[in-house]
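Structure first, commentary second.
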Amino acid sequence: MAWTEDGAARNGARKYLIEAAIVFVAYYVAGKLGQATTEIRSSNLGPVWPAYGVALASVLRYGFRIWPALVTSAFLVAFQSPVPHIAAAGQAISATLAATAGGALLKWASFDRAISRLRDALTLIVFGALASAMVSATLGVAVLYATDVQAYSGIGPAWLIYWLGDGTGVLLITPLALTAFDLVKFRNPRQIAEFAALVFLLVIVCLAIFGNLAPFSVRLHVFAFAVLPFIIWAAVQFGVAGVGFSTLVVATIATVTTALGTGPFARNTVFLNAVLLDIFFAVLAVSGLCLAAVIAERERAEKEHARLIREQAIMEEHLRAAAALRESEDKAAALSEELAHVNRVGMLTALTGALAHEINQPLTAVGVNVETALILLAAEPLDLAQLRDALRDIRSDTQRAGDVLQNVRTLLRKTPPRYEPVEINSTVGDVVKLIQNSAVRRGILIDVDLTAGMRPVRGARTQIQQVVLNLLMNACDAVQGNERALRRVSLRTAPHGERIAVEVSDKGRGLNDDDIERIFEPFYTTKHDGMGLGLSICRSIVNAHGGTLDARRNVRTGMIFSATFPLWPQDDIAGQQLRQA
Amino acid sequence: MEKAPSNAPVVRLLPRTRPVQVAAVYVIEDDHSMRRALARLLTCANWPVRTFESAESFLGEMDGLTQGCLIVDVGLLGMSGIDLLATLRYAGVRWPFIAMSGSHNENAEREALALGACAFLRKPFEPRALLDAVAGALS
């Protein structure tokens, strides 16, 4: 593994050397450019000191460890200027210290190098351009004063121009240096063309204002702000990098032309010109930077918003799916209940419907033929042949109706119940399970009280279940209208002589004596949507088992339906075995 | 009474002409004994009757028929009575139409009456009611 660590270390060192070289060269070039303007003007302090912007950007980009490159490059730049070596060394150290201090401040303020938020732009302006440039100016002027380069009398204006130069250096260079890669990312030819057009027009306008190109000589400072729309254009279309590049173009042209003695900023003393230029650049850069940052922030917010909406949509989709699943589960539960109901009532309805239709035809035909016969009998002369035909048809239709009923009877007789030993508790327990879901959904509580250890009854399990289901559903319907606490139904099994009783009781409104007497009659119902067949079928089932089904009033209110089924004979060994199996 | 303005619609009282030939009754019913019974009853009531087993067979022969009253079971096999009624109305045939139904079907009843059936008879019906409906339809 040693060789990989070694390789990584070598890679790291190479990376550092490359970064240091870039910073060294960049600072040196920027420093030379800064000095170039002062050389044109024959003054030591230029209006813009781009090298400081490079220094701050280097610290922000590559970290504090880049300081050796900064300090050597700064020393070389100062060394080549007409100041004593000791002053050059002091200036290099002070610039490096100020830049690292600025970097620390910005880091502390959690500055983001992308400058895509307004707070990043403001942090850079306040901590980078104002505060750290103040550190740089204070240290730098102190060094110049200490090395006797700067006399005490002019120390105020010297500090101001030092500060303004470094501050504008940060404003013009640092954002561009940090975001320049954004400009390289342009792939869209339309975007490239637009950027080229922006730069071209900006150069023309700058030359017109600051140079001698215009047919008239621009003398008012305010005309310089004719470049502002281009800065706004750059901010809107190309962001922080666009603003940085555009302001740099303006600053370069303005500085050079002013140094050459043309444009609105060349009309006062060198000092005042430099201050005015710096303020002009600062206003341009601050406005452009803030605008670009705000736009970037808004775009980010919009993207974030879109992302949130997308996520919300996905979340809602999940919720909907979950709800759909729940609903389908509910539906399944409802369906099982419905199926039970269909078993109970629907089959009868379908049967009666089919029966009615089958009997309807012959019955109607008989009616029509009887009417015809009556008409024929009233007519003169009597048409005996027709009359005979009508009567024959009546006979065959009557036969047909009888056949239909006969068919139904044999159909019903096809499934004779097979009585077996039936363990009553598990049998009714299954019914409770079936109905439980829908009962819970209707807020009905089913109390189950099953006596353990009872002998099996003699019966058909599904038929007994049909009876219990019927009784339970009736009881649920009876308590449906109650307040929630009283929506209770109870199911009890208990030995009852040589039988087992299954009792279903409710706390509904109950029935009056007349109803209780008639409730087991077919087609008698107390429900508005009932068929009136349930209890009559139940009773016929129970009676077929040799049991009883009775209704009585519950204590205070409600009903108790009690079905009894005879026990399976105890001496029947086979039955016992069957039960145990 | 004021005189109606000249642009008001003029109500024309056309003289009522009784058909010279007694209109026929066409029974369309798939149940054999019902068909026979209805044909016998209507014949006894002095209506010319023709019976058809299905809506399709009626439509197949319809071109050669004189205008008459239809008595149709809505629950016919194949094309239903309601479909037949809708087809006739769509084709502009406005012959009187009496619907019968063997099963209780409120939808069919509503539809038949909406399509302009003059009566809807639920089996088993009073034979008199049928005769009255036919007489009413052909008067």
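Line by line, the protein sequences are chains A and B.
Numbering of the first sequence is given in the numbering used here, commencing with residue 13 and proceeding in unit increments.
Numbering of the second sequence is given in the numbering used here, commencing with residue 78 and proceeding in unit increments.
For each residue, glycine too, the CB sits at the ideal point set by N, CA and C.
Given the structure is predicted, the values throughout are model-derived calculations rather than measurements.
| Check | Outcome |
| --- | --- |
| Helix, strand or coil at glutamate 515 (chain A) [DSSP, three-state] | strand |
| Contacts around threonine 120 (chain B), its chain only, beta-carbon distance under 8 Å, and the 5 residues preceding and following it disregarded | Val126 |
| Rounded Cβ spacing between glutamate 106 (chain B) and aspartate 160 (chain B) (contact assumed at less than 8 Å) | That belief does not hold up - the Cβ atoms of glutamate 106 (chain B) and aspartate 160 (chain B) are roughly 15 Å apart, past 8 Å. |
| Between the CA atoms of leucine 190 (chain B) and alanine 214 (chain B) - distance to the nearest angstrom | 14 Å |
| Pair within 8 Å by beta-carbon distance, tryptophan 580 (chain A) and proline 468 (chain A) | yes |
| Nearest-angstrom Cα separation, counted from alanine 308 (chain A) out to histidine 317 (chain A) | 14 Å |
| Helix, strand or coil at aspartate 461 (chain A) [DSSP, three-state] | strand |
| Other residues of its chain near leucine 57 (chain A): CB distance less than 8 Å, five sequence neighbours each side excluded | Note on leucine 57 (chain A): pLDDT 49, under 50, position unreliable in the model; no value is reported. |
| Euclidean distance between Cα positions of threonine 264 (chain A) and leucine 303 (chain A) | 22 Å |
| Delimiting residues of the alpha helix (DSSP H) encompassing valine 217 (chain A) | 201 to 222 |
| Residues near tyrosine 39 (chain A) by beta carbon distance below 8 Å, same chain, minus five either side | Ala63, Val66, Ala67, Ser70, Ala81, Leu82, Ser85, Ala86 and Val89 |
| Where the alpha helix (DSSP H) through arginine 73 (chain A) begins and ends | 62 to 74 |
| Buried or exposed by the 16-neighbour rule on C-beta atoms within 10 Å, applied to valine 87 (chain B) | With a pLDDT of 41 at valine 87 (chain B), under the threshold of 50, the modelled position of this residue cannot be trusted; read the value that follows with caution. Looking at its Cβ environment, which holds fewer than 16 other Cβ atoms inside 10 Å, valine 87 (chain B) is exposed. |
| Segment limits, alpha helix (DSSP H) that includes serine 85 (chain A) | 79 to 91 |
| 8 Å Cβ cutoff, glycine 379 (chain A) in contact with chain B | yes |
| Exposed unless 16 or more other CB atoms sit within 10 angstroms - verdict on glutamate 188 (chain B) | buried |
| Neighbour flag for cysteine 121 (chain B) against chain A, beta carbons, 8 Å | yes |
| Alanine 121 (chain A) - DSSP class collapsed to helix/strand/coil | coil |
| Meets three-Cβ-pair contact criterion under 8 Å: the stretch 158 to 169 of chain A and the stretch 181 to 188 of chain A | no |
| Cβ-based burial, arginine 22 (chain A) [other Cβ within 10 Å; buried from 16] | exposed |
| Other residues of its chain near leucine 130 (chain A): CB distance less than 7 Å, five sequence neighbours each side excluded | Cys302, Ala305, Val306 and Glu309 |
| Partners in chain A for proline 204 (chain B), counting only beta-carbon separations shorter than 7 Å | Gly379, Val380 and Glu383 |
| Contacts of leucine 115 (chain B) in chain A (Cβ-Cβ under 7 Å) | Val380 |
| contact_flag[the stretch 333 to 344 of chain A, the stretch 265 to 281 of chain A] where n(CB pairs < 8 Å) is 3 or more | no |
| Minimum Cβ-Cβ distance from serine 374 (chain A) to chain B less than 8 Å | The amino acid at residue 374 (chain A) is misidentified as serine; the sequence shows proline. Yes, because at least one Cβ of chain B sits closer than 8 Å to the Cβ of proline 374 (chain A). |
| 7 Å Cβ cut-off: residues of chain C touching histidine 369 (chain A) | Looking for chain C here will not work: the only protein chains present are A and B. |
| Whole-angstrom distance between aspartate 290 (chain A) and alanine 271 (chain A), CA atom to CA atom | 13 Å |
| Pairwise C-alpha distance: alanine 563 (chain A) and threonine 569 (chain A) | 13 Å |
| Residue interval of the alpha helix (DSSP H) (run including cysteine 550 (chain A)) | 546 to 556 |
| Residue range of the unbroken alpha helix (DSSP H) whose run includes threonine 505 (chain A) | Element bounds for threonine 505 (chain A): not the alpha helix (DSSP H) but the beta strand (DSSP E), 500 to 508. |
| Strand pairing of threonine 128 (chain B), partner residues [DSSP] | B:Val104 |
| Per-residue burial, tryptophan 79 (chain A) [other beta carbons within 10 Å of its own, 16 or more giving buried] | buried |
| Three-state secondary structure assigned by DSSP to phenylalanine 202 (chain B) | coil |
| Exposure label - threonine 274 (chain A); buried when at least 16 CB within 10 Å | buried |
| Pairwise C-alpha distance: glycine 155 (chain B) and leucine 481 (chain A) | 41 Å |
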